[in-house]
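Novice: Here it is, the structure, as structure tokens.
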Amino acid sequence: MINMEYDTWNNVCEGIFKQSKQSLNKYLQLYPFSILTDDEKELIKSEEFFYKFIHNGALFKNKLVFDFPKHYIQKNNSSFRNSKLVSPIIYVYMECIGYHVCKAYTKDSNTTRCYYAGNIQELDFHYKKSYERYYADINESSQRFQYYYKLDVTNFFDSLDINILFDLINKKSTIIDSRTALVYKRLLQSIGNGKYPTIEKSCSLSFLATNVYLDLFDSKLEGFLGNLHEIEDFQIIRYVDDLFIFFNTSDDLLNEAVSIIKNFVIHNYREIGLNLNEQKSNYGVSEDISEELSAALYNHYVNEQDIDISSMFDENNMKVFVDKLYDIARERSHNHDRYKEIKDEVFSISGVQYSSDEVFRYLIYYRKGIFNDAELISKLKRLLRRDYKIIKYDTKNLINMILNTSDGDLIRFFLNEIFRNDNLDSFDIAMIINYLILRNFQHQDLLNKLAEYEPNIYKYINMYCKNSFVESLIEEGNNGYINLILEDHYDFNNDLKVWYIYFMYRHYKNSNDILESFSYYKSYFDRVTALLMHFKGIEQTGKGKPNYKMYYKQGPIIKSYKRIKFNQEITNIEDLIEKAHDLRNHNPINHSSAEVMDDETLNIEEIENIIIELEFLLEQGFSGEVINE
């Protein structure tokens, strides 16, 4: 069904599986990979599994793979990303898309230093190394150039046009064939509800958004700046949509140069559906770049010198921090900006411009011992008793802080506040998720609380985090008759079209486009019926192949199903097949008469029930016995 190669699948699997358990189990999207056994890893990356389940598209028949619960990933400004969770097998599939493109894509831009979250070519799925390189380049350029211009995009990921992306992928050569491209497009649209999706720790999506989608823009910008007489020389550095242009010019030409660059950027971003975020864009003297990035980490990132944060910050700083939070909680004057101000005040030292976020995270993750201090624990208890909602400004880090204390009373108080709350908001749910991850989901009462508000995330955790996701992939209840492929009973004639048709049905079903989804499902039903009768030996061509041409009419379908003894009684097969045919023939997707549009009594539930009954008929057909004539 797709032109993905086995080497791509194998390499991506190995890249994911080689990560340490400690790297994987910190993230809800990656957690399922941390509990796989070696045998399960070998199964997933095996060539046999790839060709039986992935390459042909049969995985999309699994009932769970089109479940895309919303996720709760908090930004630095306390808001949430428009992110989704995907099943682990779809996560691997998505990373393969970027890896496939990366191996074949040649960039147009030549001098732009371009970074994104991870490195898909090196199969590094974490942002740390790429961000360090970006950081080093920023600092190096800030020393070589007089001025910088920082530009930001409004709602970058939500604004990406998936059709433009795939046009850009194939701009120079056909990297992805048209059928594969359609599958990939529809999958992205299904996950993102029509928009470009955001998936936790997806290096592939970050690569495609940065190195492909923005490549032509960067190339045009290079040419434009190279011919701009108002500047002498320049360097472009970007991290996803955060763009820095460093340049030299005379003081009297600075404002004019910036204005010309801004107009160019606005116009060319609009060509690809993007808009400049002027509120987050600014320019200035390069030696003041520390106002945009923390320049004091230069020696760490560039010269690999260790940072001795522990000699400058300890539990006393943390106590001051908690006291200040208590003050604004008592005064009921807390908000995100005030929280950020306090963090900057406490975790910054004059003349040593460490990022307060970096220092704060360092103390939480690498100096856990400081949270055993009795006075600090007492101050944390006082803060949470005053207003536990203060956690919402920095959910992941503050939950970590609470758990680092290992203080039963403090932890129980936090949990009791959650349980007493009968109206949880997004911040509360984020707190629960982060707590459960850190506790390896070993708190059933809290899981039950989560299930009241986010049953789909609860289902994800039960399926993939408390149990191996391999179980759900091969379970007959999720797969039905496609397990015949996995168990080597029937290969469905190695039919790639049938799973493509089913994929399109699932896409339109996911999009709530009921007429489109039924049109594809009816085509799928007819084709699988031909395969079923081939499998049962009821009907085949003279060459021993499935007789696809026979099963688009009612008569042959009804006659063939009457030759199967079902394990469960199915009544009125004739009525079901007749209703399905009438609906297909009156569907404007299939027939110009479009009579279904005149039927005011037909509703979505009725169409969905027809699909359910047809699928049950297929299931019973594959499991039933042939009646000898």
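Take any residue in the sequence shown, note its place counting from 1, add 443, and you have its number in the numbering used here.
Ideal Cβ placement from N, Cα and C applies to all residues, glycine included.
Predicted, not measured: the structure shown is a model, and the values here were computed from it.
What residue range does the beta strand (DSSP E) around L648 cover?
Specialist: Element bounds for L648: not the beta strand (DSSP E) but the alpha helix (DSSP H), 646–650.
Novice: Measure from the alpha carbon of R587 to the alpha carbon of each residue in T653, V728, I612, then state which is nearest.
Specialist: When only C-alpha atoms are compared, the closest one is V728.
Novice: Return helix, strand or coil for G727, following the three-state DSSP convention.
Specialist: strand
Novice: Since F419 contacts A652 with CB under 8 angstroms, what's their CB separation in whole angstroms?
Specialist: The question about residue 419 has no answer here: the residues shown for the chain are numbered 444 through 1072.
Novice: Do three or more CB pairs link the stretch 944–959 to the stretch 627–638 at distances below 8 angstroms?
Specialist: yes
Novice: If I'm right that F856 touches L827 with Cβ under 8 angstroms, what's the distance once you round it to whole angstroms?
Specialist: 6 angstroms
Novice: I need the DSSP call for E675, collapsed to helix, strand or coil.
Specialist: coil
Novice: If we count the other Cβ atoms within 10 Å of its Cβ and call it buried at 16 or more, is Y666 buried or exposed?
Specialist: Rather than Tyr, the amino acid found at residue 666 in this sequence is Gly. It counts as exposed.
Novice: Hey, S799 and D780: beta-carbon distance below 8 angstroms or not?
Specialist: no
Novice: Short of 7 angstroms in beta carbon distance, which residues of its chain neighbour N720, apart from the five on each side in sequence? Order them along the chain.
Specialist: D595, V596, T597
Novice: With a 10 Å radius around its C-beta and 16 neighbouring C-beta atoms as the bar for buried, classify R713 as buried or exposed.
Specialist: exposed
Novice: Alpha carbon to alpha carbon, how far is Y943 from L502?
Specialist: 11 angstroms
Novice: Taking three-plus beta-carbon pairs below 8 angstroms as touching, is the stretch 755–770 in contact with the stretch 620–629?
Specialist: no
Novice: With a 10 Å radius around its C-beta and 16 neighbouring C-beta atoms as the bar for buried, classify V1069 as buried or exposed.
Specialist: exposed
Novice: Spatial neighbours of E860 within its chain, please: C-beta separation below 6 angstroms, excluding the five flanking residues on both sides.
Specialist: Cβ neighbours of E860 within its own chain (closer than 6 angstroms, five residues either side excluded): Y831.
Novice: Please confirm whether E643 and L471 have their CB atoms less than 8 angstroms apart.
Specialist: Yes.
Novice: Hey, R804 and N759: beta-carbon distance below 8 angstroms or not?
Specialist: Cβ distance not < 8 angstroms, so R804 and N759 don't count as in contact.
Novice: Would you list, in sequence order, the uninterrupted alpha helix (DSSP H) runs of no fewer than 4 residues that lie entirely inside the stretch 473–527?
Specialist: 474–477, 481–488
Novice: For T451, collect the residues of the same chain with a Cβ closer than 8 angstroms to its Cβ; drop the 5 residues on either side in sequence, then sort them by chain order.
Specialist: C539, Y542, H543, K546
Novice: Quick check on the DSSP output: the beta strand (DSSP E) that includes C557 runs from which residue to which?
Specialist: 556–558
Novice: Taking Cβ positions, are E822 and Y769 nearer each other than 8 angstroms?
Specialist: Note that residue 822 corresponds to Lys in the displayed sequence, not to Glu. Yes; because the gap between Cβ atoms is below 8 angstroms, this pair is in contact.
Novice: Tell me whether T480 is buried or exposed, calling it buried when 16 or more other Cβ atoms sit within 10 Å of its Cβ.
Specialist: exposed
Novice: So L974 and N499 are in contact, right, with Cβ under 8 angstroms, and what is the actual spacing, rounded?
Specialist: Incorrect: roughly 13 angstroms between the Cβ atoms, too far for contact.
Novice: Which same chain residues end up closer than 6 angstroms to I785 when comparing Cβ atoms and leaving out the 5 residues on each side of it in sequence?
Specialist: K767
Novice: Could you tell me which residues DSSP puts in a beta bridge with Y574?
Specialist: Looking at the DSSP assignment, Y574 forms no beta bridge with any residue, so it has no partner.
Novice: Can you pull the DSSP bridge partners for Y948?
Specialist: Answer is none; Y948 lacks a bridge partner.
Novice: Work out the CA separation of N446 and S1066 for me, nearest whole Å.
Specialist: Their backbone Cα atoms lie some 32 angstroms apart in a straight line.
Novice: Quick one: give me the first and last residue of the beta strand (DSSP E) that I434 is part of.
Specialist: What is shown of the chain runs 444 to 1072, which leaves residue 434 out entirely.
Novice: Taking the alpha carbon of D604 as the point to measure from, which residue in K783, N910, L648 has its own alpha carbon closest?
Specialist: L648
Novice: DSSP state of E784, grouped into three classes?
Specialist: helix
Novice: Just curious, the alpha helix (DSSP H) that D658 is in, first and last residue?
Specialist: Start and end: 658–669.
Novice: Can you give me the start and stop residues for the alpha helix (DSSP H) that F978 sits inside?
Specialist: 957–979
Novice: Leaving out five residues on either side along the sequence, give the residues of the same chain with a beta carbon under 6 angstroms from the beta carbon of K903.
Specialist: It should be pointed out that residue 903 corresponds to Tyr in this sequence rather than to Lys. Cβ neighbours of Y903 beyond the five flanking positions: P512, L528.
Novice: Return the first residue and the last residue of the beta strand (DSSP E) that Y590 is part of.
Specialist: 590–594
Novice: Should the stretch 602–617 be regarded as contacting the stretch 519–536, the criterion being three or more beta carbon pairs within less than 8 angstroms?
Specialist: Cβ pair count under 8 angstroms is below three, so no.
Novice: Quick check on F689: does DSSP put it in helix, strand or coil?
Specialist: strand
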